[in-house]
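Residue numbers (my numbering): -14 to 385. We put the beta carbon where it would ideally sit given N, CA and C, even for glycine. Below: the structure, in structure tokens.
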């Protein structure tokens, strides 16, 4: 072997080592990045490519105009930049929200009131926080402009308000559904209106026997009753309950945290609580791509998956009618409600649903790209207490 060949062989070895090290470093950096961050990076790269195509096409078109001054072609570059700025605006905003530090006060709320947060591994927990940051950065949440009548207080009335804690709990409901699907985008044109307590479906008035605690309009706002959100996220055992909330129902009326103007959710004594947040955001997903109609087969599904869903919903409806289901009987109202109560049970009672409805569980796990039963089983071996359908109380009413 000549001197030149030996020198080349000697130099190739450290060069190959550098290349291997570079590839390993890139893999390590990629592993540290969340799927949502990788997705956002890919989307922004796609927008940049499209902007280059738009700008390049415009430049070519302008240069092809006879006797047009050459500097006019710069307008094509400007058009490409304008396209990128407008088309990627939401993704760039989401990237800024995702990169921001998660507030310690919000994390304390999650630790104190959201059981899922403690079940997540470090990477999942960070993604969950990012979904909450994005939700609160994109969605508009308003308290109903109403006065509350106070009993046993020196004040006659008080304006109804909501706190950051309430907003975080609402966001946590949506983040639970989105955790495994960073590519999903909730519509931002829907306002979220929070009522103090249950309201009537027809007039939206809070009357003594009102029992609607959540509603999703086809094109309008999402409505929540705040006391139902509170019941969906009770204080976790061993966590200190803040004595003074300063806002209203049901504490301003001197009631138990589980009191309700209509039907009380007796399910809490036997199993998981109803969860109005999961239920209503399931309806929101159902409405996406459906032209203003929700029928239990989300438009996010492909046609082939949609047929499987429709067949499974029919089987679940028959099981409910025969009393052989662990799902809430409120699902018999319509296919949309059956989908919503199935989603609710999938996240609230995953072990029971997996045991009693394995096919339904598999479809939901595939749809959400999550396995909550495995997640629950990680820290503890959970007990599975069967609760027959006829032991349920009168259903809490949701309205799509």
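- Do the region 338 to 357 and the region 160 to 173 make contact, defined as three or more Cβ pairs closer than 8 Å? yes
- Would residue 211 be called buried (16 or more neighbouring beta carbons within 10 Å of its own) or exposed? buried
- Task: Since I believe residue 157 is in contact with residue 117 (beta carbons under 8 Å), could you give me their beta-carbon distance rounded to a whole number of angstroms?
- Result: 6 Å
- Message: Let me check understanding here. Comparing Cα to Cα, which of 268, 154, 208, 325 lies closest to residue 92?
- Response: 154
- Message: Here's a check: name, in chain order, each residue in its chain whose Cβ is nearer than 6 Å to the Cβ of residue 339, leaving out the five neighbours to either side.
- Response: 346, 358
- Item | Residue range of the unbroken alpha helix (DSSP H) whose run includes residue 317 | Segment: none, residue 317 is in no alpha helix (DSSP H) and carries neither H nor E.
- Task: Taking only runs that begin and end inside the region 284 to 318, name each unbroken alpha helix (DSSP H) of 4 or more residues, in chain order.
- Result: 288 to 306
- Message: If the criterion is Cβ atoms closer than 7 Å, does the pair residue 264 and residue 329 meet it?
- Response: yes
- Who pairs with residue 179 in a beta bridge, going by DSSP? 128, 209
- Item | Stretch pair the region 170 to 187 + the region 203 to 217: three plus CB contacts closer than 8 Å | yes
- Task: Please check the pair residue 311 and residue 337, which I expect to be a contact at CB under 8 Å, by giving their CB distance rounded to whole angstroms.
- Result: 5 Å
- Message: Going by C-alpha to C-alpha distance, which of 71, 218, 130, 64 sits closest to residue 38?
- Response: 64
- Message: Rounding to the nearest angstrom, what Cα-Cα distance links residue 309 and residue 299 in this structure?
- Response: 14 Å
- Task: Could you say if the region 65 to 74 and the region 39 to 49 meet the contact criterion of at least three C-beta pairs nearer than 8 Å?
- Result: yes
- Would you mind working out which of 54, 301, 52, 147 sits nearest residue 125, comparing C-alpha positions? 147
- Message: Let me check understanding here. Comparing Cα to Cα, which of 113, 278, 273 lies closest to residue 83?
- Response: 113
- Item | C-alpha gap between residue 344 and residue 292, whole angstroms | 14 Å
- Message: Quick check on DSSP: helix, strand or coil for residue 273?
- Response: coil
- Determine the burial state of residue 218: buried for a count of at least 16 other Cβ atoms within 10 Å of its Cβ, exposed for fewer. buried
- Query: Comparing alpha-carbon positions, which option in 111, 107, 76 lies nearest residue 122?
  - Reply: 76
- Determine the contact status of residue 183 and residue 197, defining contact as a CB-CB distance below 7 Å. yes
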